[in-house]
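Trainee: Following full-length UniProt numbering, the numbering of the sequence shown begins with 1 at its first residue and continues without gaps.
Idealized CB from N, CA, C, for every residue including glycine.
Just so it is clear, the structure is predicted and the values come from calculations on it, not from any experiment.
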Amino acid sequence: MRIEVTSQDLMASRFAISPLIETMHAQWLLAGRVPEGPHGEWVERWRGTYARLAGRHPTLRAAAAVSGNIGSANVDFIAPPPTAVDVAFEDELATVRATPVAQAHAEIERVLAHRPPVTGWVRELLLGPEVVELFAEAYEALWTGVLAHDWPRFHAALQRDVAYRAGRLAAYGWAAALDDLSPRVRWRRGGPTGGHIEVRMLSGRDERHRLGGRGLLFLPSAFMTSIATYLDESWPYALLYPARGLGAAPPRPDADLSLLIGRSRARILAELAEPATTTQLAALLGQSPGTTGEHIAALRRTGLIAGARVGRGVLYTRTPLGDALING
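Here it is in structure tokens:
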């Protein structure tokens with residue numbers, strides 16, 4: 001797949017976080033449709049709850065016909081790209097509920113035409129007059145019953161990825177922002193438009209798209225291990241990718257270091273292999289912002305970390321002394 005971009009697209013492109021799309025991705029894991037990856041313990045903890053939800057909301061089972069089909073077409077209306085950088089789940093759900101039923105049916109019929117035949121009750125549900133509301137109710141129940149409990153931790157990890165990549169895009173351009181995004185994504189310079197993004201799709205389809213100044217929406221995911229795209233004219237063009245660092249186990253500071261400066265402070269020092277704010281660190285550690293702030297203040301006083309104001313927040317990083325202590 002080739003996505004042609006211009007200098008105007010660079011200015012219009014942005015990164016965003018979508019709790020609704022992440023709810024959909026989490027469902028694929030909980031339903032056993034994609035590998036669990038680093039989330040095995042999380043899936044095991046919530047599998048029983050998900051099974052009960054799927055029993056009360058058959059739409060979660062029917063969704064397999066039109067969503068999460070790697071290398072095949074999928075509908076977009078059930079979890080469309082967000083319209084803001086950090087939109088609330090409730091606002092995204094309102095966008096879903098505003099989808100015209102005719103549009104939903106058109107997306108579903110297009111996907112079903114390329115899929116094996118589905119059972120009668122699934123087809124009746126998907127092409128019924130209440131399909132939009134049924135999907136909204138099902139994902140609302142999944143968000144409330146499962147994902148909302150752990151969202152602060154996932155959200156903090158996604159925010160760190162956005163800060164890293166958005167900074168690279170603004171400072172260095174497309175090549176730097178797409179570097180290490182995925183082995184299947186590459187920036188190719190040249191041509192009349194200035195360059196293009198090359199995405200190697202699992203379907204093998206040779207597609208060409210032009211952003212035309214609208215820019216591209218980049219969406220990191222805590223649950224996906226592959227690349228996906230939204231390239232339907234009905235929605236903003238978007239590229240979904242696995243967020244950095246989620247495939248690795250959380251950093252475990254040395255036991256002697258924990259004994260020296262305390263477990264929480266050692267963990268903060270380990271987490272700051274990548275910059276983070278107080279709120280993000282609190283979510284990652286499962287602490288209150290106030291408690292985390294006290295640990296950060298102590299680490300700053302001892303010269304192990306430093307803070308720099310970015311917008312309305314402060315981003316913390318390890319100093320050379322902190323690097324030496326954590327790596328020594």
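Between I17 and L158, is the Cβ-Cβ spacing less than 7 Å?
Mentor: Cβ atoms of I17 and L158: closer than 7 Å.
Trainee: If L93 and A62 are in contact, beta carbons under 8 Å, what's the gap, nearest whole angstrom?
Mentor: That pair is no contact at about 18 Å.
Trainee: For W235 and S264, I'd like the C-alpha separation in whole angstroms.
Mentor: Approximately 43 Å between the Cα atoms of the pair.
Trainee: Go through its chain and collect everything with a Cβ distance to P100's Cβ below 7 Å, but skip five positions before and after it.
Mentor: Nothing listed; no residue qualifies.
Trainee: Please report the straight-line C-alpha distance between W174 and R312, rounded to a whole angstrom.
Mentor: In a straight line, the C-alpha of W174 is about 26 Å away from that of R312.
Trainee: Tell me which residues share the same chain as V68 and place their Cβ nearer than 6 Å to its Cβ, disregarding the 5 neighbours each side in the sequence.
Mentor: The sequence shown places Gly at residue 68, rather than the Val named in the question. Counting only Cβ-Cβ distances below 6 Å, and skipping sequence neighbours, we find W28, R33.
Trainee: Going by C-alpha distance, which of A104, L239, P35, S7 is nearest F223?
Mentor: If we check each option's Cα against that of F223, P35 comes out closest.
Trainee: Please say whether S7 and G215 have beta carbons closer to each other than 7 Å?
Mentor: It is not a contact, given that the beta carbons lie outside the stated cut-off.
Trainee: Taking a contact to mean a Cβ-Cβ separation below 7 Å, would you say W143 touches T23 in this structure?
Mentor: A contact, by the Cβ cut-off of 7 Å.
Trainee: Quick check: the Cα distance between A176 and T317, rounded to an integer number of angstroms?
Mentor: Straight-line Cα distance between these residues: approximately 21 Å.
Trainee: Measuring alpha carbon to alpha carbon, tell me which of P289, E233, H155, Q280 ends up nearest P220.
Mentor: Comparing Cα positions, the closest option is H155.
Trainee: Are I326 and L284 close, meaning C-beta to C-beta below 7 Å?
Mentor: For I326 and L284, no; Cβs fall outside 7 Å.
Trainee: Check each candidate in H105, S182, D232 and name the one with the smallest Cα separation from T225.
Mentor: Considering only alpha carbons, the answer is S182.
Trainee: What alpha helix (DSSP H) runs, 4 residues minimum, are completely inside the region 80-141?
Mentor: For the region 80-141, whole alpha helix (DSSP H) runs of length 4 or above, ordered along the chain, are 89-97, 101-112, 120-126.
Trainee: So, at 6 Å on beta carbons, what are the nonlocal neighbours of H295 in its own chain, with the 5 sequence-adjacent residues on each side left out?
Mentor: Same-chain partners within the cutoff: S264, R265, I268.
Trainee: Could you compute how far the alpha carbon of residue 330 sits from the alpha carbon of I305?
Mentor: This structure cannot settle anything about residue 330, because the visible part of the chain is limited to 1 through 328.
Trainee: Going by beta carbon distance, what residues of the same chain come within less than 8 Å of A88, once the five residues before and after it are set aside?
Mentor: Closer than 8 Å at the Cβ level, and outside the excluded window around A88, lie P19.
Trainee: Compute the Euclidean distance between the alpha carbons of L299 and G286, then round it to the nearest angstrom.
Mentor: Answer to the nearest angstrom: the Cα atoms are 18 Å apart.
Trainee: Suppose contacts are defined by Cβ-Cβ distances below 7 Å. Is D161 in contact with R244 by that definition?
Mentor: Yes.
Trainee: Which residues in the same chain have their Cβ closer than 6 Å to the Cβ of A73, if we skip the five residues on either side of it in sequence?
Mentor: Once the five neighbours on either side are set aside, the close Cβ partners of A73 are V111, H114.
Trainee: Quick check: what's the CA-CA separation for D91 versus L259?
Mentor: Each residue's Cα considered, the two are about 45 Å apart.
Trainee: In its own chain, which residues sit with a C-beta less than 6 Å from the C-beta of L125, not counting the 5 before and 5 after it?
Mentor: Taken in chain order, the residues that qualify are A62.
Trainee: Considering only residues of the same chain and omitting the five flanking positions on each side of D76, which have a CB-CB separation below 8 Å?
Mentor: These residues qualify, in order along the chain: E107, Y230, D232, S234, W235.
Trainee: Looking at the unbroken alpha helix (DSSP H) that takes in S264, where does it start and where does it end?
Mentor: Note, S264: alpha helix (DSSP H), 263-271.
Trainee: CA-CA distance, H196 and A51?
Mentor: Rounded to whole angstroms, H196 to A51 spans 43 Å at the Cα level.
Trainee: What does DSSP give as the partner residues of G218 in its beta bridges?
Mentor: According to the sequence shown, residue 218 is Phe rather than Gly. According to DSSP, which records beta bridges pairwise, F218 is partnered with F15, L239.
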